[in-house]
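Chemist: After the structure tokens below, expect a handful of questions from me.
Here you go:
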């Protein structure tokens, strides 16, 4: 696991700056504290920071092929590299290391850009072909590993594993106001945008080629989707096939030359992964979790039960608000506004695990693959709800729901009911988006001022709409899963996991996002995955003999701290300071009066505005850091 960065100068006579390359690489030291490496050859410079996991002695980077014509820097892990290595050796390729990185170089020699289709793993890499003067950059299929790039006004090209590396160069720092507008609805800046107009994310499943100053970005993979109603070809024992797939993927992801542990939340996904690890290893699996104190948020008891049942070496810590010494520092790690506050416990449990080992497996991706979110069943409930007479919905049900007292508990009934009735009449595509929205278009018009007021924005639903259009032929459930795999998964969930683990020099692997598993489950009939109000039905049935019933049948809580309570109590001084009218006015884009109202409503317990408050908080800190 590494951090990578580099540059390609437009003028081939203009050599790269080794000093600038060093500054870019220094920003990534947390991603790879064990080693660093550089390649400078005329107009191109490549650099990396290494966290040593495989081939500890000889796997240093950059790595070149036999004649030095190809040179690579690589971030990630290739799980099928041993099989690929043997195939390439049979074709006459000579290897100098035992690393997975060197396999990619020889694959590129054989297959060019199509080399990425042979890889099973999580990766972002840059490969310089000096003979053809071509820079080739690729990102893994699901977006597990990040890659950012930009050009300056001279046409020089820069890239890095994190935005902070690219910001060491002279690229334009002008904010992308549409991206920030979308962030206010979604908690994150959606791909391919970043908060900076000149910097872009390479989308998952894409590669980028630069030759003769021409930049081409192309898609090489997508989630397979059958036609609506199409049946799965092959075995009909979907549960047995699924369990076999998961077991194979977990075993594949355990390859390492260092010990491997697990982040165990107590939920179905991480428990499934841990149970398979425990059966595979000859020694006790080390597992780590965070408790939150409040029952509706806390899954530590479930995690402890799993650990006891599986016989893991379990370490638990309780997250208290005073443990969060510097919220601004945590927000800084994302380099752009990011408001999923489950990043807080993810950072803390990663810090805990990093004291003991370098690699952990997690259950991330299970909800997006196996239909685990309430939104994946809400569209069915909405369809039934709309059959009720209009007068009954408008005059009885909705007034009763709006009158429910506000609860600050996790996924409370009043929150779910209020969100449901306000979006139940929407088309299911809009309804799916509605469940995820923080600020809708009308609310953003109240919230924003200054340059935002003078700008015409596209409706943020457009981020979802373009993916819904791609899969218009598919079953409704498959469409919802496809959109989540393209939006929330890479831009929120995987971004959070990558930044929070790598901030602690910890590698997180996500076996439930092995592309073999994703592809095969995507092609299974929708009603096998979920029916009625059931979430993750396929996974629950597949692991029925593997997990305790209380875990297998448990209700999803999510790995989030009790921020709604903290805002009004332990962390109230922090938020009062952040929402001072003069401070908000100083950043120039937000309406201080509207922001103050949101905070006051929450303090008084009238409305749970925790997500809106945290979204504004993250934006204020980013705006202040960037002096916009």
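In our numbering, the protein residues as written are 793 to 1420.
We put the beta carbon where it would ideally sit given N, CA and C, even for glycine.
1) Would you please state the rounded distance, in angstroms, between the beta carbons of residue 1308 and residue 1003? I believe it to be under 8 Å.
2) Under 8 Å: do the segment 1109–1125 and the segment 963–977 share three or more Cβ pairs, one atom per stretch?
3) Could you tell me if residue 1176 is buried or exposed, where buried requires 16 or more neighbouring beta carbons within 10 angstroms of its beta carbon?
4) Beta-carbon within less than 8 Å of residue 814's beta-carbon, same chain only, minus the 5 sequence neighbours each way: which residues are those?
5) For my contact list, residue 1277 and residue 1065 are in at a C-beta cut-off of 8 Å; report their separation, rounded to the angstrom.
6) To which residues does DSSP link residue 921 through a beta bridge?
7) Look at the alpha carbon of residue 1192 and the alpha carbon of residue 965, and state the distance between them as a whole number of angstroms.
8) For the beta strand (DSSP E) containing residue 1052, list its first residue and its last residue.
9) With DSSP run on the structure shown, which of helix, strand or coil describes residue 1151?
10) If I follow the unbroken beta strand (DSSP E) through residue 1109, where does it start and stop?
11) Quick test of the definition: if touching needs 3 or more C-beta pairs under 8 Å, does the segment 924–931 touch the segment 873–885?
12) Could you tell me which residues DSSP puts in a beta bridge with residue 915?
13) Could you tell me if residue 1368 is buried or exposed, where buried requires 16 or more neighbouring beta carbons within 10 angstroms of its beta carbon?
14) Run the CB neighbour count on residue 1181, radius 10 Å, all protein chains shown included, and call it buried at 16 or more, exposed below.
15) Considering just the uninterrupted stretch of the beta strand (DSSP E) at residue 1007, what are its terminal residues?
16) Going by DSSP, name the residue or residues bridged to residue 856.
17) Note down, in chain order, each residue of its chain lying with its Cβ closer than 7 Å to the Cβ of residue 1381, except the 5 sequence neighbours on either side.
18) Kindly list the residues whose CB is nearer than 6 Å to the CB of residue 1384, restricted to its own chain and excluding five residues on each side of it in sequence; keep chain order.
19) Please name the residue or residues paired with residue 967 in a DSSP beta bridge.
20) Which of the three DSSP states is assigned to residue 1263 in this structure?
21) I'd like to confirm the pairing. Which residues does DSSP put opposite residue 833 in its beta bridges?
22) Name the residue from 1081, 958 and 1220 whose alpha carbon lies nearest to the alpha carbon of residue 986.
23) Below 8 Å, how does it come out for the segment 910–923 and the segment 862–879: are there three or more Cβ pairs, yes or no?
24) Straight-line CA distance for residue 1156 to residue 1134?
25) Give me the Cα-Cα distance between residue 995 and residue 1279, rounded to the nearest whole angstrom.
26) Classify residue 1175 as helix, strand or coil using the three-state DSSP reduction.
27) In the structure shown, what three-state DSSP assignment does residue 1078 receive?
28) If you count every other CB in all the chains shown that lies within 10 Å of the CB of residue 939, and 16 or more means buried, which is it?
29) Looking only at its chain, what residues have a beta carbon closer than 6 Å to the beta carbon of residue 1338, apart from the 5 residues adjacent to it on each side?
30) Following a CB-centred definition, is residue 1341 positioned closer than 6 Å to any heavy atom of the ligand MG?
31) Cβ atoms of residue 1316 and residue 1030: under 7 Å apart, would you say?
32) Apply the 10 Å Cβ neighbour rule to residue 1293 and answer buried if 16 or more other Cβ atoms are within range, or exposed otherwise.
33) Cα-Cα, which of 1262, 1356, 1258 and 1267 is closest to residue 1320?
34) Is residue 801 helix, strand or coil by DSSP?
35) Expressed to the nearest angstrom, what Euclidean distance is found between the alpha-carbon atoms of residue 1295 and residue 954?
36) Within 10 angstroms of its Cβ, does residue 1288 collect 16 or more other Cβ (buried), or is it exposed?
Modeler: Per the coordinate set shown:
1) Taking the first residue of the chain shown as position 1, residue 1308 is located at position 516. Taking the first residue of the chain shown as position 1, residue 1003 is located at position 211. Not quite, the Cβ-Cβ distance comes to about 32 Å (not below 8 Å), so this is no contact.
2) no
3) For the purposes of this step, residue 1176 is taken as the residue at position 384 of the chain shown. Residue 1176 is exposed by the Cβ-count criterion.
4) Residue numbering aside, residue 814 sits at position 22 when the chain shown is read from its first letter. Around residue 814: 830 and 839.
5) On the chain shown, residue 1277 is found 485 positions in, with the first residue counted as 1. On the chain shown, residue 1065 is found 273 positions in, with the first residue counted as 1. Rounded, the Cβ-Cβ distance is 19 Å, inconsistent with contact.
6) Position 129 of the chain shown holds residue 921. Residue 921 is bridged by DSSP to 862 and 926.
7) For the purposes of this step, residue 1192 is taken as residue 400 along the chain shown, with counting starting at 1. For the purposes of this step, residue 965 is taken as residue 173 along the chain shown, with counting starting at 1. C-alpha separation (whole angstroms): 49 Å.
8) Residue numbering aside, residue 1052 sits at position 260 when the chain shown is read from its first letter. From DSSP, the beta strand (DSSP E) with residue 1052 extends over 1052–1055.
9) By 1-based counting over the chain shown, the position of residue 1151 is 359. It is a strand residue.
10) Here residue 1109 is taken as the residue at index 317 of the chain shown, counted from 1. It spans 1105–1110 - the beta strand (DSSP E) in which residue 1109 sits, taken as one unbroken run.
11) no
12) Numbered from its first residue, the chain shown carries residue 915 at position 123. Residue 915 pairs with 868.
13) For the purposes of this step, residue 1368 is taken as the residue at position 576 of the chain shown. With fewer than 16 Cβ atoms within 10 Å of its Cβ, residue 1368 is classed as exposed.
14) Start at 1 with the first residue of the chain shown, and residue 1181 comes out as number 389. Classification for residue 1181: exposed.
15) The sequence position of residue 1007 within the chain shown is 215, counting from 1. Counting along the chain, residue 1007 sits inside the beta strand (DSSP E) bounded by residues 1006–1011.
16) By one-based count along the chain shown, residue 856 stands at place 64. BP columns for residue 856 point to 863.
17) For the purposes of this step, residue 1381 is taken as the residue at position 589 of the chain shown. The residues are 1240, 1241, 1242, 1243, 1244 and 1415.
18) Indexing the chain shown from 1 puts residue 1384 at position 592. 1373, 1376 and 1377.
19) Looking up residue 967 in the chain shown gives position 175. Its beta-bridge partners are 988.
20) Here residue 1263 refers to the residue found at position 471 of the chain shown. Coil at residue 1263, not helix or strand.
21) Against the chain shown, residue 833 aligns to sequence position 41. DSSP output for residue 833 lists 836 as bridge partner(s).
22) Sequence index remark: in the chain shown, residue 986 carries index 194 (1-based). Taking only the C-alpha atoms, the option nearest residue 986 is 958.
23) Three or more beta-carbon pairs drawn from the segment 910–923 and the segment 862–879 are found closer than 8 Å, and the two stretches are therefore classed as touching.
24) Counting from 1 along the chain shown, the entry for residue 1156 is found at position 364. Counting from 1 along the chain shown, the entry for residue 1134 is found at position 342. Whole-angstrom Cα-Cα distance: 13 Å.
25) On the chain shown, position 203 is the one that residue 995 refers to. On the chain shown, position 487 is the one that residue 1279 refers to. Taking the straight line joining both Cα atoms gives about 10 Å.
26) In the chain shown, counting from the first residue as 1, residue 1175 sits at position 383. DSSP places residue 1175 in helix when its eight states are reduced to three.
27) For the purposes of this step, residue 1078 is taken as residue 286 along the chain shown, with counting starting at 1. Looking at residue 1078 - three-state DSSP - the assignment turns out to be strand.
28) For the purposes of this step, residue 939 is identified with residue 147 of the chain shown, where counting begins at 1. Its Cβ being crowded by 16 or more others within 10 Å, residue 939 is buried.
29) Along the chain shown, read from residue 1 onward, the residue named residue 1338 stands at position 546. Correct list, in chain order: 1067.
30) For the structure depicted, the ligand MG is absent and the ligand set is empty, with no information on it obtainable.
31) Along the chain shown, read from residue 1 onward, the residue named residue 1030 stands at position 238. Along the chain shown, read from residue 1 onward, the residue named residue 1316 stands at position 524. Going by C-beta atoms, residue 1030 is nearer than 7 Å to residue 1316.
32) Here residue 1293 refers to the residue found at position 501 when the chain shown is read from its first residue. Buried is the call here.
33) Indexing the chain shown from 1 puts residue 1320 at position 528. Answer by Cα proximity: 1267.
34) Walking along the chain shown from the start, residue 801 turns up at place 9. If DSSP states are grouped into helix, strand and coil, residue 801 belongs with coil.
35) Here residue 1295 refers to the residue found at position 503 of the chain shown. Here residue 954 refers to the residue found at position 162 of the chain shown. Taking the straight line joining both Cα atoms gives about 11 Å.
36) Here residue 1288 refers to the residue found at position 496 when the chain shown is read from its first residue. By the 10 Å Cβ count, residue 1288 comes out buried.
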